[in-house]
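Asker:
Protein chains in written order, with our numbering: chain A, 765 to 1035; chain B, 3 to 404.
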């Protein structure tokens, strides 16, 4: 085995090396999940309660008070579908964004492809998502909500779009966070803003102004939720939401990955 | 035979732009606004941590790296272990590298002992199958088998170190980089680890790069050594020769107990300094006499004596105001200073002298003017084992049962 060390130049994805470090990737994910559920005494219960509580609040406000029309899907199921997608995005981005700083001591002492860190921290969010998915299915049964068989394709597609966008945003923020340490304070604000620009608590079709709808369609989370909800109503999905969303998810992923790979060589000097 | 590590013109430059190593976004924003306003660029200071390093290390060679603090030793290891990229030059590494810049990297307090063995081992580059194969040996070596299912946060720091060292000692890369890690923890266990590493490296012909302040450890483990000073390679050779060169240079300060100023000008403050008892035992007092220029006899001055060790490390900073002593209106142009109970580890030390109008304005200074030696009498401390490399002072302790 021969390794060449030289000043950083050019750009490569480094996929081969990433594959060599797959075990480390597994161990980081395993550590994060284990530590997360060891530290909270409620454990998995917390992952159950969080989306449940949010759903109850939104149901109370938006279906009882303001009567948002989501037919044929009942509002609690509708909002839960949006919430678990949003939570997956939200948690993935914030975990990944903080991950490099949290692991600065390791980055300073040992070499491995740095991409392992934000990626493994995103997988922790997937674990929470699976718990959320379980609640979602339970509520579908309670509300007698049929899930069409197209879910086999649409659910994974939705998750994939969320992951693609979260990967891009997460790696980009992780790299920015190392360089500009106060950037982390803007992450919750950005996510909060994005939450209201996502069709979690309202259907995007309800937006009256066409131009605003197109602007909101750039948000990849909207495309993901649209895909995820398709098996609930089983009508043709709104392509004017899905296509721009997938496009921007891809673009974000490319930008994030490029910026991360470009700057990662200097992480140890800055962290 | 091709070298295991080939280093060519390697250099590393750091930019010292801000006080903090990372940047703050607000500074960038306000900075660029200012730039537009003022129309000039803030110059960044550049600093070469390493420069023009050329080195070949053959397979099976055990290379010691010595030098003062901040000489660039750790930077070299960081580049070879690919933690940070070089600015110039290149290096070729032939073989699997294991770097041990710290023991217990990635240890998590919430995880149990064996969970941490897997995590730390994996971070250090061991495959899961390799850890599983060596798990019993690692646990056995650490001597913490009783607590292996207990979260690490309930371990004493000594136990944590033992576990960390055990994982490290079972690394089996072809090239092993070790940085100063042996300077911590209990001596006996360190020796056990060093012994284990030595054994494996001699048997398997493993290449080792070893950075340490502890020249004895280097002497014991290494065959060859390099000496780096201010980022440049000063000397390469057999371990004894390099250590000889290095110690001669750091001891280039006087080894005399008396210093007399040659060609003192009107402005020099110090005329002579002297240690009356240059050989003391741990815990004894040191008597110092200073003769100074007559014209300063009535001035209020700050006079500082620094104790510096063999490796140029400041051990203590002492000024006349510590004792509430004022230099105003002295009867004669001389001072007697007693440095009370020097609880320093045995070794050679220097005194540097400094005088100023206040703490900031230097009047005169002499670096390492006089030397003294502290030896072990076995009354203050009865320990026989040497002191670990970075230990400087001895705290007298009283031990009893109960």
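Yeah, the Cβ is synthetic: ideal placement off N, Cα and C, and Gly gets one too.
1) Helix, strand or coil, according to DSSP, for residue 1027 of chain A in the structure here?
2) Determine the closest residue to residue 773 of chain A out of B/88, B/56, B/345, with distance taken between C-alpha atoms.
3) Give the DSSP-derived three-state secondary structure of residue 128 of chain B in the structure shown.
4) Within the same chain, show all residues whose beta-carbon is closer than 6 Å to that of residue 352 of chain B, passing over the 5 residues directly before and after it, in chain order.
5) On the criterion of 16 or more Cβ atoms from any shown chain inside 10 Å, does residue 319 of chain B qualify as buried, or is it exposed?
6) Looking only at its chain, what residues have a beta carbon closer than 6 Å to the beta carbon of residue 936 of chain A, apart from the 5 residues adjacent to it on each side?
7) Taking 8 Å as the threshold (beta carbon to beta carbon), is residue 96 of chain B in contact with chain A?
8) So that I know if they touch, is there some Cβ in chain A lying closer than 8 Å to that of residue 92 of chain B?
9) Since I believe residue 271 of chain B is in contact with residue 298 of chain B (beta carbons under 8 Å), could you give me their beta-carbon distance rounded to a whole number of angstroms?
10) Taking just the CA atoms, how far does residue 914 of chain A sit from residue 995 of chain A?
11) Please decide whether residue 5 of chain B counts as near chain A, where near means a Cβ-Cβ distance under 8 Å.
12) Please state the DSSP three-state secondary structure of residue 289 of chain B.
13) Please classify residue 107 of chain B: does DSSP put it in a helix, a strand, or coil?
14) Please state the DSSP three-state secondary structure of residue 194 of chain B.
15) Rounded to whole angstroms, how far is the Cβ of residue 10 of chain B from the Cβ of residue 56 of chain B, which I believe are closer than 8 Å?
16) Look at the Cβ atom of residue 938 of chain A, then the Cβ atom of residue 845 of chain A, and state whether they are nearer than 8 Å.
17) Rounded to whole angstroms, what's the CA-CA distance from residue 282 of chain B to residue 144 of chain B? Just pull it up for me.
18) Return the chain-ordered ranges of every alpha helix (DSSP H) run that is complete within the stretch 802-851 of chain A and spans a minimum of 4 residues.
19) Examine chain A for any beta-carbon lying closer than 8 Å to the beta-carbon of residue 157 of chain B, and answer yes or no.
20) Taking C-alpha atoms, which residue in B/211, B/61, B/274 lies nearest to residue 180 of chain B?
21) So residue 935 of chain A contacts chain B; which residues on that side make the cut at Cβ distance below 8 Å?
22) So residue 88 of chain B contacts chain A; which residues on that side make the cut at Cβ distance below 8 Å?
23) From the DSSP output, in three-state form, read off residue 343 of chain B for me.
24) Anything in chain A within Cβ reach of residue 80 of chain B, meaning under 8 Å, just list it in chain order.
25) Taking the straight line between their C-alpha atoms, what separation do you get for residue 214 of chain B and residue 956 of chain A?
26) Give the residues of chain A in contact with residue 283 of chain B, contact being defined as C-beta atoms less than 8 Å apart.
27) For residue 387 of chain B, count neighbouring C-beta atoms within 10 Å of its own C-beta (all shown protein chains included) and say buried if the count is 16 or more, exposed if not.
28) Residues in the stretch 795-827 of chain A with C-beta within 9 Å of chain B's C-beta atoms, listed in sequence order?
29) Of all the CB atoms in chain A, is at least one closer than 8 Å to the CB of residue 207 of chain B?
30) Is residue 125 of chain B close to chain A, meaning its C-beta is less than 8 Å from at least one C-beta of that chain?
31) Do we get a CB-CB distance below 8 Å when we pair residue 791 of chain A with the residues of chain B?
32) Pull up the distance between the alpha-carbon of residue 98 of chain B and that of residue 207 of chain B, whole angstroms please.
33) Check whether the Cβ atoms of residue 1031 of chain A and residue 864 of chain A sit closer than 8 Å, and answer yes or no.
34) What does the Cβ neighbour count give for residue 851 of chain A, buried or exposed, with the cut at 16 atoms within 10 Å?
35) How is residue 234 of chain B classed by DSSP in three states: helix, strand or coil?
36) Taking all protein chains shown into account, do 16 or more other C-beta atoms lie within 10 angstroms of the C-beta of residue 808 of chain A, making it buried, or fewer, making it exposed?
Answerer: Reading from the atomic positions:
1) Correct three-state label for residue 1027 of chain A: helix.
2) Among B/88, B/56, B/345, the Cα nearest to that of residue 773 of chain A belongs to B/88.
3) When secondary structure is reduced to three states using DSSP, residue 128 of chain B falls in the coil class, being assigned neither helix nor strand.
4) Residues of the same chain with a CB within less than 6 Å of the CB of residue 352 of chain B, apart from the 5 flanking positions on each side, are 255, 310, 370, 373 in chain order.
5) Only exposed fits residue 319 of chain B, as fewer than 16 other CB atoms lie within 10 angstroms of its CB.
6) Once the five neighbours on either side are set aside, the close Cβ partners of residue 936 of chain A are 1020, 1023.
7) Interface residue, yes.
8) By this cut-off, residue 92 of chain B is an interface position.
9) Residue 298 of chain B to residue 271 of chain B, Cβ: 6 Å. Contact.
10) Their backbone Cα atoms lie some 6 Å apart in a straight line.
11) Closer than 8 Å: no.
12) It is a strand residue.
13) Three-state DSSP puts residue 107 of chain B in coil, outside helix and strand.
14) DSSP, reduced to helix, strand and coil, places residue 194 of chain B within a helical segment of the structure shown.
15) Their Cβ separation, rounded to whole angstroms, is 6 Å, which keeps residue 10 of chain B and residue 56 of chain B in contact under 8 Å.
16) The answer is no: Cβ separation not under 8 Å.
17) Answer to the nearest angstrom: the Cα atoms are 39 Å apart.
18) Correct list: 808-822.
19) No, residue 157 of chain B lies away from the interface with chain A (no Cβ there is under 8 Å from its Cβ).
20) That would be B/211, whose Cα lies nearest to the Cα of residue 180 of chain B.
21) Among the residues of chain B, none has a CB under 8 Å from the CB of residue 935 of chain A; the nearest is roughly 18 Å distant.
22) Annotation: Cβ neighbours of residue 88 of chain B in chain A (cutoff 8 Å, chain order): 769, 770, 771.
23) It is coil, neither helix nor strand.
24) 1032, listed in chain order.
25) Rounded to the nearest angstrom, the two C-alpha atoms are 50 Å apart.
26) Against residue 283 of chain B, chain A offers no close residue; the least beta-carbon distance is about 40 Å (beta-carbon pairs closer than 8 Å).
27) It counts as exposed.
28) Per Cβ criterion, the list reads 795, 798, 799, 802, 803.
29) Chain A places no beta carbon closer than 8 Å to that of residue 207 of chain B, leaving this residue out of the contacts.
30) Yes - at least one Cβ of chain A is within 8 Å of the one on residue 125 of chain B.
31) Contacts with chain B at 8 Å (Cβ-Cβ) include residue 791 of chain A.
32) The straight-line gap from Cα to Cα measures roughly 13 Å.
33) Their beta carbons are under 8 Å apart, which means residue 1031 of chain A touches residue 864 of chain A by this criterion.
34) Looking at its Cβ environment, which holds 16 or more other Cβ atoms inside 10 Å, residue 851 of chain A is buried.
35) Residue 234 of chain B falls in the strand class under three-state DSSP.
36) Exposure of residue 808 of chain A is indicated by the presence of fewer than 16 other C-beta atoms within 10 angstroms of its C-beta.
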